[in-house]
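Going left to right, the sequence shown walks through residues 1 to 58 as full-length UniProt numbering numbers them. For glycine and all other residues, C-beta sits at the position ideal for the given N, C-alpha and C. Small disclaimer: the values here were computed from a predicted structure and weren't measured. Since the structure comes first, as structure tokens, the remarks are kept for the end.
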Amino acid sequence: MTTYDIPVIMTFSECQKILRVGKNTLLDLLHSGKLEGFRIGNRWRITRDSLVEYVNHV
Numbered sequence: 001m002t003t004y005d006i007p008v009i010m011t012f013s014e015c016q017k018i019l020r021v022g023k024n025t026l027l028d029l030l031h032s033g034k035l036e037g038f039r040i041g042n043r044w045r046i047t048r049d050s051l052v053e054y055v056n057h058v
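Spelled out as structure tokens, the structure:
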């Protein structure tokens, strides 16, 4: 999967599938600030840029 195959803004479940992590792990990453995300209502959204930055620094 290339960077351009990743949506610019992902849902929580899309990000889970790309990172291959569980719900609690992804929530921990978001709450700790290791992965940047934002909420629309009660739903998380994660940008491609923040995901790529996280993966490059792991």
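By the Cβ-count criterion, G33 is exposed, with fewer than 16 other Cβ atoms from all chains shown falling within 10 Å of its own Cβ. Note that the C-beta distance between L30 and Q16 is not below 7 Å. DSSP places R43 inside the beta strand (DSSP E), whose first and last residues are 43-47. The three-state reading of DSSP puts I40 in strand, counting E and B together. Looking at the backbone, the Cα of L51 and that of E36 are separated by about 8 Å.
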